[in-house]
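Below is one structure, written out as C-alpha cells; the observations come after it.
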Amino acid sequence: MSAEKINSKNIGLILLAAGESSRLGTPKQLLLHDDRTLLQHSLQAASDSDARPVIVVLGANADTIKRGINGSNGHVIINTEWQEGMASSIRFGINALVRMSPFAEGTILMVCDQPYVSPTLLNNLITTHKETGKPVVACSYGNTFGPPVFFHKTMFPELLQLRGDVGAKGIIRQHVDDVELIPFPKGNMDIDTEADYKKLSKGNSE
Numbered sequence: 280m281s282a283e284k285i286n287s288k289n290i291g292l293i294l295l296a297a298g299e300s301s302r303l304g305t306p307k308q309l310l311l312h313d314d315r316t317l318l319q320h321s322l323q324a325a326s327d328s329d330a331r332p333v334i335v336v337l338g339a340n341a342d343t344i345k346r347g348i349n350g351s352n353g354h355v356i357i358n359t360e361w362q363e364g365m366a367s368s369i370r371f372g373i374n375a376l377v378r379m380s381p382f383a384e385g386t387i388l389m390v391c392d393q394p395y396v397s398p399t400l401l402n403n404l405i406t407t408h409k410e411t412g413k414p415v416v417a418c419s420y421g422n423t424f425g426p427p428v429f430f431h432k433t434m435f436p437e438l439l440q441l442r443g444d445v446g447a448k449g450i451i452r453q454h455v456d457d458v459e460l461i462p463f464p465k466g467n468m469d470i471d472t473e474a475d476y477k478k479l480s481k482g483n484s485e
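FYI, the numbering for the sequence shown is 280 to 485, going by our numbering.
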C-alpha cells in the first residue's frame, strides 16, 4: 500500500490524555516536569508543530485537567467512554478530526506521558511520510516501536474499529510493509508508575 503524499497543512494531531493513571495513583497528566505538567509539555510540542488541528482527548478527571490547559491552542474534547480504554479515545479523536477538518489527509497519534517529544520529532513524522509515501510512520526506541505515530487517512477505518484497552500497535504490526520507522531514543521514557516518575525527575532516561 502506498498513500498519496500530502501537505502538512492537512495533518491533524490527536493528543490522548483520557486515562485514569490507575497504576500511578494520581493523574499523570498533572505531574510536573521542568515547572510544567506533562500534559502542558505535550501540548506545547504539538502546538509548535506543523500539525493542525490539535485535538486533546480528555476523560478521567477531565474538569481538573482541563483547567490546566485553558487558553491553549488545543481543541479539547471529552471522551465519555474513557473507562473502556485507549481505543475509545482514538475513536473519539478520529471522529472529532473528521468533523473539524473534513479534508484531513492524516493524523499524528500522541500520548501525554512522553516528555521528550519535540515539535521537530512530530514534523519528522510528517516529512518522512511525504518522502516515503508510507501510510504509517512510527517511532522506534529500545527494541520496540510506538507513539507518536503518523497515520494516513486510509488507515482511519481500522483505527475506528479498535475496541478495549488497546492502542494502535496491533494495526501497525498487521501492516509492517507499510510502516516506516524513525528513531526516537528517549521514547521509552513514559510515565506509568511512581518509579518511572522518579527516574524522570532524576533525569535518568535509560
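Just so you know, even glycine gets a beta-carbon here, dropped at the ideal spot from N, CA and C.
Query                                                                                                                        : Result
Taking DSSP as the reference, what is the three-state secondary structure of Pro398?                                         : helix
Quick one: any contact between the segment 393-403 and the segment 346-359, if contact means 3 or more CB pairs under 8 Å?   : no
Please report the distance separating the alpha-carbon of Gly449 from that of Ser368.                                        : 16 Å
Could you spell out the range, first to last residue, of the alpha helix (DSSP H) harbouring Ser380?                         : That residue, Ser380, is in no alpha helix (DSSP H); it is neither H nor E in DSSP.
In three-state DSSP terms, what is Ala337?                                                                                   : A small fix is needed here, since residue 337 is Leu in this sequence, not Ala. Strand at Leu337.
At the level of alpha carbons, what is the spacing between Gly364 and Gly412?                                                : 31 Å
Restricting to runs no shorter than 3 residues, where is the beta strand (DSSP E) found entirely within the segment 435-462? : 458-462
Please classify Ser281 as buried or exposed, where buried requires at least 16 other C-beta atoms within 10 Å of its C-beta. : Since pLDDT at Ser281 reaches only 46, below the 50 mark, its modelled position is unreliable, and the value read off the structure follows with that caveat. Looking at its Cβ environment, which holds fewer than 16 other Cβ atoms inside 10 Å, Ser281 is exposed.
Please state the DSSP three-state secondary structure of Leu309.                                                             : helix
Going by DSSP, name the residue or residues bridged to Arg315.                                                               : His312
What does DSSP give as the partner residues of Met389 in its beta bridges?                                                   : Leu294
Could you check the C-alpha separation between Pro398 and Ala383 for me, to the nearest Å?                                   : 19 Å
Considering only the beta carbon of each residue, do Val428 and Val415 sit closer than 8 Å?                                  : yes
Per DSSP, Ala417 forms a beta bridge with which residues?                                                                    : Leu460
Mapping the DSSP letters down to three states, classify Ile357 as helix, strand or coil.                                     : strand
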